[in-house]
Each structure stands twice: as C-alpha cells, then as structure tokens.
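Asks:
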C-alpha cells in the first residue's frame, strides 16, 4: 500500500476510494488532479455532492428522483395516467424515457426483493404501488424489472399481491435484441422469443 | 444524452464528469450511489475534498505535498541531506519511497517542460532547485524524470543550467525490467542496457 505524505491527501484518497469502482490508485490520481484545479472548482464539486445527498427529493407518487414533491412526469397532464410502469430504480426510468416510446407513468420500487442482500418486500415501495392500483383510473400495470431470479421473484410477488379484477398486468417483451443474430443468441432468450411470438404486421 | 429528471442530480453528474477518466454514465452511477448513502458520509466526502483543495500545503524546500511548511522527509535528520532526487510530481516521490532503496531528499518540479502544453521552465520549480544546489552540503543530484522527449528535454535543460563544479549529476538507470525477457524488450531499451552495462558483482 502506498504511503501518502500528507494527512489531507490521505483522507481524500480514503474517502474517494469508498466510491463504487474506485480503488486506492484511482482515488490518488483523482486527488492529485484536484490539487491542480482552482479551489473554487473543487468547492463547487464538493458542495454540489453535499446538496444532492441532503436535499434530493423523491416524487411522492412514483418515487422517481425529483425537484418537487410531484415529479415532472406525474405532473404532466399530457401523459397517460391510466398506465403504470413498475421499475427497479431511477436509471430504468431514464432508460425508458430515452426510448421516447412510453407515455404513461412510472412506479419506482427502489430495488428488488433479494434475501441474499437482506432486501425484503417491506423495504421497497410495494405497498404504495398497491395503493395506487386501487385507483380505478389505472387500467394497466407494466412490470419492467430485470429478468434475473430476484427480478422474476419480485414480479411474481407483486402479481400475487395485486387484488383488483379487470386490471391488465403485462411484462415487457423478452426476445432477441434488434440487430442481433439468431445463431449467437442464447437458447433461453431464443426459446422465449419463439414461445412469445407475435402476429406479423402488428 | 440521457435526460436527468432532477436539477440537483444533473448538477452532480455534470461536476463528477469533469473528473479525469469519468464519463457521464459513470458520473450518473456514482451520483445514484451517493443518493443511497447516509447524507453525513457524503458531507464528509465533500468537505474532505474542499479542505484538500483549499488547505493543502507544499514543502517549502522540496515542493512535495505536506502537512507542514517543511515535509517529513526534508525534516528527517536520519536522511542523507547531501543527495537530491529530482522528480516530476508527488506520485514519483511516493513510488520511490515505496522501494525503500533511497534515503536522500527530493525536489519536486511540479511538471516537465512541454511547449505543446504551454509549460515553460518558469512554470516549474527549477530556480528553487538551482538555489538548493548552491548549498555546498549537496554533492549529488539524481535526475529521475520520465524518459520521454519532454522528460529528456527537461533533464538536459537543468543539466545545462547547473553551474557548480564538483557536483555529481546522475540519472536513474534505464534497462530491462527485472523479470522481463530479452527477446520481448524493445530495441532502444535493450541497446541502452548494453551501452550502460555495469561491472558484474557490483
């Protein structure tokens, strides 16, 4: 381990190396880079991070990150308030928004059920989702969790808990990515894409 | 480019993606990770970076980063004050200290001469080095800059400026790295290692 000749530098390296994917060597490189910057720039960086962490607000309806109590998506009257898309976290909202293909609302669970990581249904925004689904103006819920064991378990758990006759429950399509070649696709994905085939021209 | 639904998050991503080697996607991942941490931890991170940037001190003798006006190396009476090792930056001091093979002092230039990047001799701590070399208690200066065009230029510039008869001027040995195989060594390094051969048993 590299001995660092200054307490201030040592502390900065220690704090930065706590970040995910940043080791001690990268932390040292970043710290030395910061030493060469104008102090006002680093002050702005530090204060921005502190503000993000202490002042960030989540939408009271969908739990997306937001600047207000109701996020800009939930507050938009031009969006389809009868469809909710259930996702794991904020990044998934951004990814779906990026496609420009979805005009409904979201519900961010804040994670997925994972006994290994100690995440139980009570740690997620599942009760709030069930409350929202009591509202009869919602007529479809799209489950868009990752297709891992945990994701599938969470989807199934929510499916079993939903108790509203007439509500459409769908999941996003799994299949071969656009542009991918059949022969290189794993057999589970290829198998599912055949089972879940759709009428041509749709 | 991903649209980010919160101003606070957007600002954090923008600030983090200014760091070297960190793009927008990594900055977003780091920001979302920070949102999940205790605010007090992120406060400590931010304040540590601000303190590093505004309070870091450089040794008044060798320009190594330091907590005091004279760094712990320059202040150590157990080290050999008759030898100075000239390096480009603080990281090189750490790398050489790491070897445990050097007991002299350092002189950190703070960069190397690079017309392309607009770094002139006056931007580096060269005059301070020449001042230190006027002290007759110094009898050897070891040039330990990288062997690039800029490094060699800087070494040569300093060599020409040193005006003290009797001072030993040396450079660190270039050669085949310990453990490397001859046949895979580039010809310049191999050539130098033959020209600069040393008596066996030394």
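Protein chains in written order, with my numbering: chain A, 1 to 202; chain B, 1 to 202.
All C-beta atoms in this analysis are idealised placements derived from N, C-alpha and C, irrespective of residue type, glycine included.
(1) With three or more C-beta pairs closer than 8 Å as the rule, is the stretch 64-78 of chain B touching the stretch 109-128 of chain B?
(2) Cα separation between residue 196 of chain A and residue 22 of chain A?
(3) Determine the burial state of residue 184 of chain B: buried for a count of at least 16 other Cβ atoms within 10 Å of its Cβ, exposed for fewer.
(4) From the beta carbon of residue 85 of chain A, is the nearest beta carbon of chain B less than 8 Å away?
(5) Nearest-angstrom Cα distance between residue 177 of chain B and residue 6 of chain A?
(6) I'd like to confirm something about residue 180 of chain A: is its beta-carbon nearer than 7 Å to some heavy atom of the ligand NAP, or not?
(7) Starting from residue 171 of chain B, trace the beta strand (DSSP E) both ways and give me its first and last residue.
(8) Return helix, strand or coil for residue 31 of chain A, following the three-state DSSP convention.
(9) Which residue marks the beginning of the beta strand (DSSP E) containing residue 47 of chain A, and which one marks its end?
(10) Would a check of beta-carbon distances place residue 74 of chain B closer than 8 Å to chain A?
(11) Rounded to whole angstroms, how far is the Cβ of residue 145 of chain B from the Cβ of residue 167 of chain B, which I believe are closer than 8 Å?
(12) What's the gap between the Cα of residue 65 of chain A and the Cα of residue 10 of chain B?
(13) Could you check which residue in B/79, B/12, B/199 and B/112 has the C-alpha nearest to that of residue 154 of chain B?
(14) Quick check: what's the CA-CA separation for residue 101 of chain A versus residue 32 of chain A?
(15) For residue 46 of chain B, does the count of other Cβ atoms within 10 angstroms reach 16, so buried, or fall short, so exposed?
(16) If the criterion is Cβ atoms closer than 8 Å, does the pair residue 85 of chain A and residue 58 of chain A meet it?
(17) Can you find the residues in the same chain that come closer than 6 Å, C-beta to C-beta, to residue 193 of chain B, ignoring five residues on each side of it along the sequence?
(18) In the structure shown, what three-state DSSP assignment does residue 127 of chain A receive?
(19) By the three-class DSSP mapping on this structure, what secondary structure does residue 66 of chain A have?
(20) Can you list, in chain order, the residues of the stretch 115-149 of chain A whose Cβ is nearer than 8 Å to any Cβ on chain B?
(21) Quick one: grab the DSSP three-state call for residue 58 of chain A.
(22) Could you check whether residue 50 of chain A and residue 49 of chain B sit closer than 8 Å to each other, using their CB atoms as the reference points?
(23) Any Cβ of chain B within less than 8 Å of the Cβ of residue 96 of chain A?
(24) I'd like to know if residue 105 of chain A contacts chain B, where contact means its C-beta is closer than 8 Å to some C-beta of that chain.
(25) Beta carbon of residue 138 of chain A, beta carbon of residue 54 of chain A: below 8 Å?
Replies: Inspection of the coordinates gives the following:
(1) The stretch 109-128 of chain B is not in contact with the stretch 64-78 of chain B.
(2) Taking the Cα positions, residue 196 of chain A is about 41 Å away from residue 22 of chain A.
(3) By the neighbour-count rule (16 or more Cβ atoms within 10 Å), residue 184 of chain B is not buried but exposed.
(4) no
(5) 30 Å
(6) Inclusion of the ligand NAP in the displayed structure is not the case, the ligand content being empty and no account of it being possible.
(7) 168-171
(8) If DSSP states are grouped into helix, strand and coil, residue 31 of chain A belongs with the helices.
(9) Segment 39-55 is the alpha helix (DSSP H) holding residue 47 of chain A; no beta strand (DSSP E) there.
(10) no
(11) At roughly 18 Å, the Cβ-Cβ gap does not stay under 8 Å, so residue 145 of chain B and residue 167 of chain B are not in contact.
(12) If you take the alpha carbons of residue 65 of chain A and residue 10 of chain B, they lie about 11 Å apart.
(13) Taking only the C-alpha atoms, the option nearest residue 154 of chain B is B/112.
(14) 44 Å
(15) buried
(16) no
(17) 175 and 176
(18) helix
(19) Strand.
(20) none
(21) Here DSSP, grouped into helix, strand and coil, assigns residue 58 of chain A to strand.
(22) no
(23) no
(24) no
(25) no
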